[in-house]
Amino acid sequence: MGQVLGYLQSFATEPLDMHLARFNMRAKASKHVFQVLRLEPRIQRDFFDFFVQLDADNSGQIDYHEFLDRLCLKDTKFMERVFLTFDTDGTGDIDFVEFVIQVWNIVTRTEQMLIQLLFDIFDEDDNEVLSPAECIALLKMIVGRDAGEFDEGNLQRLMRQIDTNHDGLISFDELVAFCKTNAMFIEPIRNLQPVSYTHLRAHETEAD
1 MGQVLGYLQS
11 FATEPLDMHL
21 ARFNMRAKAS
31 KHVFQVLRLE
41 PRIQRDFFDF
51 FVQLDADNSG
61 QIDYHEFLDR
71 LCLKDTKFME
81 RVFLTFDTDG
91 TGDIDFVEFV
101 IQVWNIVTRT
111 EQMLIQLLFD
121 IFDEDDNEVL
131 SPAECIALLK
141 MIVGRDAGEF
151 DEGNLQRLMR
161 QIDTNHDGLI
171 SFDELVAFCK
181 TNAMFIEPIR
191 NLQPVSYTHL
201 RAHETEAD
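Its first residue numbered 1, the sequence shown is counted upward by one per residue in the working numbering.
What follows is the structure, encoded as structure tokens:
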């Protein structure tokens, strides 16, 4: 874990004592979140260093372009929706508390839970099935704006392939089954589990 901390600290652009002072201030303001998530001080510091790494302009907020650039993510409608799940107060930026909660939610999810996140993002009417329109929106947004091979006809055929009971709707179980043999469709959400937090999870396991 010390190696991860050292790696993240290397991105700091301010003296270490000032960086530590800013961390202490954020930790105090975020105490309730850290307590709920049961994050130890050293893990709290990792979250802060990661946040600073993404906050390129040192504004104390992460905007959409910083979110994409620093995590090397593709600008798609799908990623816009993911960003909105982070930005829970709808300000257009991610503050530190939002960042901690949503990153923790992402990095602690199993693959099936990541698919659930995909499903929930696109189930706009919360009826626990994806309509053809919701599913087509999901497929288009995951593939990206410039994927010409996924025209309307191909998308419709893909929809029929996922909809194994042919009721015109996509259930969560149908989406799970499809993603097991078509892993590319969950790759964008997998990319939100940064390498540093793979180490974080390993550390938590060791601590147990």
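Positions of the beta carbon are idealized from the N, C-alpha and C atoms, including for glycine.
Local Cβ density within 10 Å of residue i, reported as buried at 16 or more and exposed below that
i, result
"Met79", "buried"
"Gln35", "exposed"
"Asp49", "buried"
"Gln3", "Because the pLDDT of Gln3 is 44, which lies under 50, any placement of that residue in the model is unreliable, and the number read from its coordinates should be weighed accordingly. Exposed, by the Cβ-count rule."
"Glu174", "buried"
"Gln156", "exposed"
Closer than 7 angstroms to chain D by CB, residue i
i, result
"Gly60", "Within the model displayed, chain D is absent; a lone protein chain is all it includes."
Cβ pair residue i, residue j closer than 7 angstroms
i, j, result
"Leu20", "Trp104", "no"
"Leu118", "Ile189", "yes"
"Phe122", "Glu111", "no"
"Gln61", "Asp95", "yes"
"Cys179", "Phe172", "no"
Which residues DSSP lists as bridging residue i, in chain order
i, result
"Ile101", "The partner list for Ile101 (beta bridge, DSSP) is empty, contrary to what the question assumes."
"Ser131", "Ser131 is not bridged to any residue."
Identity of the residue in the options nearest residue i by Cα
i, options, result
"Leu71", "Thr88, Asp57 and Gln53", "Gln53"
"Leu39", "Val100, Met25, Arg81 and Thr76", "Val100"
"His32", "Asp120, Leu68 and Val97", "Val97"
"Val82", "Ile106, Gly60 and Gln61", "Ile106"
"Leu114", "Asp75, Met18 and Val176", "Val176"
"Glu187", "Gly153, Glu152, Leu139 and Gly168", "Leu139"
"Gln102", "Asp69, Phe47 and Asn154", "Phe47"
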